[in-house]
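Enquirer: Under the working numbering, read the sequence shown as residues 564 to 865, first letter to last. Supplied in structure tokens, the structure appears directly below.
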Amino acid sequence: MVYIDKIKSGKKTFYYLGKTIRIGENKWKKIRIKLGEKEPTREEVGTKLKELRLEEYNLYNQDYLDAHKLEVIDDFKEVYNNHRKTIPKTVVEKEETDFIIRFTYNSNAIEGNRLTLRDTYLIIKEKQIPSGAPPKDYNEAINGREAFEFIKKYKGKLTIEFLEKLNDILTQNTGVVYPGRIRFFPVKIEGAEHIPPEPKEVRSLLKKMIKFYYTNKRKIHPFVLACLTHAQFVEIHPFEDGNGRTGRALMNWILMQAGYPKVFVSVKLRSKYYEAIDFHNMKNIKGYCEKMFELLMEQFKL
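This is the structure:
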């Protein structure tokens, strides 16, 4: 919780904006921003809150992303939320549908789905079946829409059951033998050197990932937390199929929980995305986060 300190130094009194944050087990650190000699107004405190937040980012996120990059993301959040407040509900709904179409198209295309963006639009918005659309590709588009509706409405916690349901929705009617079921067999990732863990390790690793999420929910920046949880999930590769799509949906669920704009990875940047995942597999966590930040910036240019 943020508070104002009133500290005497000789004959003068100074005001500070402060916050005490936990940096480890039974370890706490106080960070302060000097306000001046006069009692600050609400507007002055609001201005200094940004500086205090940057100090906190530097403390918690220095191993992941530079604080000023996180500030850029926060600026996007502010612009995004202000924009949503100033437009009619009908426009909000249209923008939401447009995002779902673009997210579904790109997330599916990364995994080899052959539908175009226009095809995906016709399926999701117009409820039409494009001429020549393979049934598997068509169903993946339908599943993408339903998965996003599911995570929008979901009010529960991050659990294995939630992940199972999400994967089940994404892989229905696509030829997957065990949709939404934690794998009990070994798998390989085509074109990648990373070898997913043995089946007996999957549940314990997912529990560890979930614990990581909740332990760091109020410490690590939401964008960093979403990226790291996504990468851990993809590395575990807990399902027969649809792991990438499930991981990218999970990343958005985490961002949405914190009030941040949703993101998609453009299929045009697939190689850069895989490069980011490779960084994480090689334990170059900062390199991974920086690549994911670059991907986010590219989204706003598209």
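Idealized CB from N, CA, C, for every residue including glycine.
In angstroms with no decimal places, state the Cα-to-Cα distance between residue 749 and residue 737.
Expert: Answer to the nearest angstrom: the Cα atoms are 20 Å apart.
Enquirer: Roughly how many angstroms lie between the CA atoms of residue 845 and residue 796, to the nearest whole one?
Expert: Each residue's alpha carbon lies about 15 Å from the other.
Enquirer: Could you check if residue 566 is buried or exposed, using at least 16 other CB atoms within 10 Å of its CB as the buried criterion?
Expert: Classification of residue 566: exposed, given that the 10 Å Cβ count is below 16.
Enquirer: Go ahead and pull the three-state DSSP assignment for residue 654.
Expert: If DSSP states are grouped into helix, strand and coil, residue 654 belongs with the helices.
Enquirer: Exposed or buried, residue 695, counting other C-beta atoms within 10 Å across all chains shown (16 or more means buried)?
Expert: Its Cβ having fewer than 16 others within 10 Å, residue 695 is exposed.
Enquirer: Using the three-state DSSP reduction, which class does residue 667 fall into: helix, strand or coil?
Expert: Helix at residue 667.
Enquirer: For residue 872, does the count of other Cβ atoms within 10 angstroms reach 16, so buried, or fall short, so exposed?
Expert: As shown, the chain starts at 564 and ends at 865. That puts residue 872 outside it, with no answer to give.
Enquirer: Residues in the same chain with beta-carbon distance under 7 Å from residue 515, minus the five sequence neighbours each way, listed in chain order, please.
Expert: Here the chain has residues from 564 to 865 only, and residue 515 is not among them.
Enquirer: Would you report the Cα separation of residue 712 and residue 638, rounded to the nearest angstrom?
Expert: Cα-Cα distance, rounded: 26 Å.
Enquirer: Could you check if residue 812 is buried or exposed, using at least 16 other CB atoms within 10 Å of its CB as the buried criterion?
Expert: So residue 812 counts as buried.
Enquirer: Between 804, 805, 768, which has its C-alpha nearest residue 792's C-alpha?
Expert: Of the listed residues, the one whose Cα sits closest to residue 792 is 768.
Enquirer: Just to check my reading of the structure: residue 799 and residue 762 have Cβ atoms closer than 8 Å, yes? What is that Cβ distance to the nearest angstrom?
Expert: The pair is not a contact, with the Cβ atoms about 11 Å apart (cut-off 8 Å).
Enquirer: If residue 577 sits next to residue 609, beta carbons under 8 Å apart, how far is it from one beta carbon to the other, in whole angstroms?
Expert: Contact flag wrong, Cβ pair sits at about 19 Å.
Enquirer: Which same chain residues end up closer than 8 Å to residue 704 when comparing Cβ atoms and leaving out the 5 residues on each side of it in sequence?
Expert: Answer for residue 704: 667, 668, 671, 676, 678, 682, 683, 686, 687, listed in chain order.
Enquirer: Is residue 581 helix, strand or coil when you go by DSSP?
Expert: Residue 581: strand per DSSP, three-state reduction.
Enquirer: Provide the residue(s) that pair with residue 649 in DSSP beta bridges, ordered along the chain.
Expert: For residue 649, which the question treats as bridged, DSSP gives no partner whatsoever.
Enquirer: Could you tell me if residue 734 is buried or exposed, where buried requires 16 or more neighbouring beta carbons within 10 angstroms of its beta carbon?
Expert: By the neighbour-count rule (16 or more Cβ atoms within 10 Å), residue 734 is buried.
Enquirer: Count the other CB atoms, across all protein chains shown, that sit within 10 Å of the CB of residue 807; report buried if there are 16 or more and exposed otherwise.
Expert: Result: buried.
Enquirer: With DSSP as the reference, please indicate the residues paired to residue 565 in a beta bridge.
Expert: Answer by DSSP bridge pairing, in chain order: 582.
Enquirer: Buried or exposed: which applies to residue 611, given that a residue is buried once 16 or more other Cβ atoms fall within 10 Å of its Cβ?
Expert: Residue 611 comes out buried.
Enquirer: So residue 858 and residue 835 are in contact, right, with Cβ under 8 Å, and what is the actual spacing, rounded?
Expert: That pair is a contact at about 6 Å.
Enquirer: Buried or exposed for residue 854, please, with buried defined as at least 16 other CB atoms from any protein chain shown within 10 angstroms of its CB.
Expert: Residue 854 should be labelled buried.
Enquirer: Let me see if you follow: with CB-CB separation under 8 Å, is residue 856 close to chain B or not?
Expert: Going by chain labels, chain B is absent from the structure shown, which holds only one protein chain.
Enquirer: Please specify which runs of the alpha helix (DSSP H), each continuous and at least 4 residues long, are wholly inside the region 678-732, giving them in chain order.
Expert: For the region 678-732, whole alpha helix (DSSP H) runs of length 4 or above, ordered along the chain, are 680-687, 698-716.
Enquirer: Give me the DSSP bridge partner(s) of residue 599.
Expert: According to DSSP, residue 599 bridges with 578.
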